[in-house]
Every structure is written in structure tokens, then in C-alpha cells.
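*Asks:* In UniProt numbering, the protein residues as written are 1 to 321.
Where is the CB? At the ideal position from N, CA and C, for every residue including glycine.
#1: Looking only at C-alpha atoms, which of 74, 261, 99 sits nearest to residue 147?
#2: Using 8 Å as the threshold, is the C-beta distance between residue 283 and residue 227 below it?
#3: Is residue 97 near residue 42, with beta carbons less than 8 Å apart?
#4: What does residue 326 pair with, by DSSP beta-bridge criteria?
#5: Please say whether residue 231 and residue 281 have beta carbons closer to each other than 8 Å?
#6: Could you tell me the distance, in whole angstroms, from the CA atom of residue 131 to the CA atom of residue 286?
#7: Is it a yes or a no for the stretch 51-58 touching the stretch 28-38, going by three-plus beta-carbon pairs under 8 Å?
#8: Write down every uninterrupted run of the beta strand (DSSP E) in the stretch 29-67 whose length is 3 residues or greater and which is fully enclosed by it, in chain order.
#9: Once you ignore the five residues that flank residue 85 on each side, which residues in its own chain have a CB closer than 6 Å to its CB?
#10: For the 8 Å Cβ check, are there 3 or more pairs between the stretch 117-131 and the stretch 150-160?
#11: Please list the terminal residues of the continuous alpha helix (DSSP H) segment that includes residue 214.
#12: Which stretch, first to last residue, makes up the beta strand (DSSP E) that contains residue 237?
#13: Measuring alpha carbon to alpha carbon, tell me which of 248, 294, 67 ends up nearest residue 274.
#14: Give me whichever residues DSSP pairs with residue 73 in a beta bridge.
#15: Can you tell me which of the three DSSP states residue 79 falls into?
#16: Return yes when the Cβ of residue 259 is within less than 8 Å of the Cβ of residue 303, no when it is not.
#17: Where does residue 88 land, buried or exposed, given buried means 16+ other C-beta within 10 angstroms?
#18: Suppose contacts are defined by Cβ-Cβ distances below 8 Å. Is residue 268 in contact with residue 311 by that definition?
#19: Excluding five sequence neighbours on each side, which residues of the same chain lie with their C-beta closer than 7 Å to the C-beta of residue 143?
#20: So residue 144 is in the alpha helix (DSSP H); what residue range does that whole segment cover?
#21: Compute the Euclidean distance between the alpha carbons of residue 63 and residue 214, then round it to the nearest angstrom.
#22: Please name the residue in 229, 102, 292 whose C-alpha comes closest to that of residue 69.
#23: Between which two residues does the beta strand (DSSP E) holding residue 315 run?
#24: Count the other CB atoms within 10 Å of the CB of residue 225; is the residue buried (16 or more) or exposed (fewer)?
#25: DSSP on residue 265, reduced to helix/strand/coil?
#26: Using only the alpha-carbon positions, how far apart do residue 71 and residue 81 sit?
#27: Taking the alpha carbon of residue 319 as the reference point, which residue from 234, 212, 270 has its own alpha carbon closest?
#28: Hey, quick one: how far does the beta strand (DSSP E) through residue 245 stretch, first residue to last?
Here is the structure:
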């Protein structure tokens, strides 16, 4: 991704049959790491309510141009992103250190009452691949709740009226069609509120193409943000405190055919942590390449994949020594 500084990873190889690695990250008061993503704090300049139920928020950030703006509430269990541009189907993005974002007051909130105060966290993020209206991954929720300041907005009478009109529409029983629609909608919300890793199945609009190491290594840009499928043996793994993992995978039982995979907590295998020598299948999105420093001081660069489906872990590979 142009303009985004690639994270450096330090591999420490010990005199053991299996080597280990650690991450060398850099953080400051303005940004923190969450896997392969960088989260940036924001400074809010102005908040105003509009007639369509949104808070219009302007502010500044140190995030690079093109970074996406997200918002998560500090209340409730269902924490979908509520931030968009004026077009609700497109992302608000950073430009020249500034942003303007629309926060839908009805998302995550239920009924609104004039005078109520709602708290949420507005932040910028790079390399974020989730759908605009998806639940924000739990590891990101935890980090921004701990590190970034909260923004408070007051519900206006116009927002209360807008919320009530939505409820009247959703729960109207004026026709069997609307009743059926409401039933389906309610079921969907109930499922989402009990969100866990099982709800993180792949985006059905993405098809995953099986690729060879030669294909993705020679032409990584051809697969950027595209669905890819790879299988191989885990050479090295770091299971992070936030529940995710970074894996160095070798394909075709060849230690020179290495691919790095960033796995969010939501996509970890159902049978527990990934272990070295496991045989795993990855459905994910190509994300260019990743450089890392070896213990000998040399630099290596490998293809990078962001997992986008729950990992299939078959246990110890038949090729493991």
C-alpha cells in the first residue's frame, strides 16, 4: 500500500531445531499496532447533529492520507463501525491530516432519547480490510478502549425523532411483507449482538484462488486485496496477547518458499493455538510483501497474506521432521 510504512519484524533464530521470532514495534502517543494494522488517535474539532440521525464530526490526526476513519461505541455488546463519509456506503478517509466523518447515531444504540449522552471512540486505521458496517475486531476494540480518548455526543430531539421513525417503520405490522421483514431483521440483529469468532466467516462475495509460491512471490501486486488460498507447514509462529497470530509458512516443504500470514483473533482455528509444524490452509487477501531482519543481520522479504476466513489447522504436518 503506497505511503504506508511497512512494519519491521525481527526474527531471532536460536540454536534449536525450531527457530522463534519476536516483533519489534514502535509506538507513540498517536499510534499503536494491532497485528499488521496501525491505529491512530484523533483530535476532535467539532461535532454537530444533522437531520438524518448522524453526528457530523471534523478533526485532525497524524494518520497518513487515505487512512480509514472508524468509530466504535464504549457501550453495549454489539460494536459495529458507525463511521462513513456522506455516502453511507463509502469510507471517510484522512486527507492532509484532516477528516470529516458521519457517525450514525442509530447503529449500536437502540432507541435514542433527547438529552442522552453517547460515548464512542473515533480513530484512523491503515490496512483495514473489514466491510464498512462490520463488527470491529475485538483486538482493535481492546486497544483503542485502552489507549485512545473517548468522545461524548448528546442526542438531539431531531435524532430522537429519526430513531422513532425507524422503529415505527421496522415494527409496523401494516402488511405481512413488513412483518416478515421485521422478523428477519430482528433475527439478524440478535445474531450479531452475540458476535464471536464463528460469525467471522468469509465475505461471500470473495472467491479464493489457489496460488503457488512462485505466482504470489513473483507478482505480489497482482494479488493485492484479492482472495488467495495457500496451504503449507508452519515454520514459525507467534501467538499474540490479543488472541491473533503471525505465522511464517513454508509451502511445498521448501524452506525457501516462505509466506507470512497475519491472522486476526476472529480467524484463529477452532481447535486452539497454531503450533509449529502444523499443516494449515489459509483463505485470505494478498497484501503485497513484508520485510524482516534475520538474526544474522540480513534482510528478507516474503509475500504477505491477511487471513480472511477461519484457519483450517490439520495438526502436525506429515512432512514435519
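*Replies:* Answer, in terms of the structure:
#1: With distances taken between Cα atoms, residue 147 lies closest to 74.
#2: Closer than 8 Å, so yes.
#3: Their beta carbons are not under 8 Å apart, which means residue 97 does not touch residue 42 by this criterion.
#4: Residue 326 cannot be examined here, being either before or after the span of the chain that is shown, 1 to 321.
#5: A contact, by the Cβ cut-off of 8 Å.
#6: Just so you know, the alpha carbons of residue 131 and residue 286 end up roughly 16 Å apart.
#7: In short, these stretches do not touch, since the Cβ pair count stays below three.
#8: Fully enclosed beta strand (DSSP E) runs of 3 or longer: 31-34, 37-40, 42-49, 54-61.
#9: Once the five neighbours on either side are set aside, the close Cβ partners of residue 85 are 92.
#10: Judged by Cβ distances under 8 Å, the stretch 117-131 makes contact with the stretch 150-160, as three or more pairs qualify.
#11: For residue 214, the enclosing alpha helix (DSSP H) starts and ends at 213-218.
#12: Start and end: 227-239.
#13: With distances taken between Cα atoms, residue 274 lies closest to 248.
#14: Answer is 120.
#15: Residue 79: coil per DSSP, three-state reduction.
#16: A contact, by the Cβ cut-off of 8 Å.
#17: Exposed.
#18: Note that the C-beta distance between residue 268 and residue 311 is below 8 Å.
#19: Excluding sequence neighbours, residue 143 sits near 32, 34, 39.
#20: Residues 138-147.
#21: Taking the Cα positions, residue 63 is about 34 Å away from residue 214.
#22: Residue 69 has its Cα closest to that of 102, out of 229, 102, 292.
#23: Where residue 315 is concerned, the enclosing beta strand (DSSP E) stretches over 312-316.
#24: Residue 225 should be labelled exposed.
#25: If DSSP states are grouped into helix, strand and coil, residue 265 belongs with the helices.
#26: Each residue's Cα considered, the two are about 5 Å apart.
#27: Of the listed residues, the one whose Cα sits closest to residue 319 is 234.
#28: Unbroken beta strand (DSSP E) run through residue 245: 245-250.
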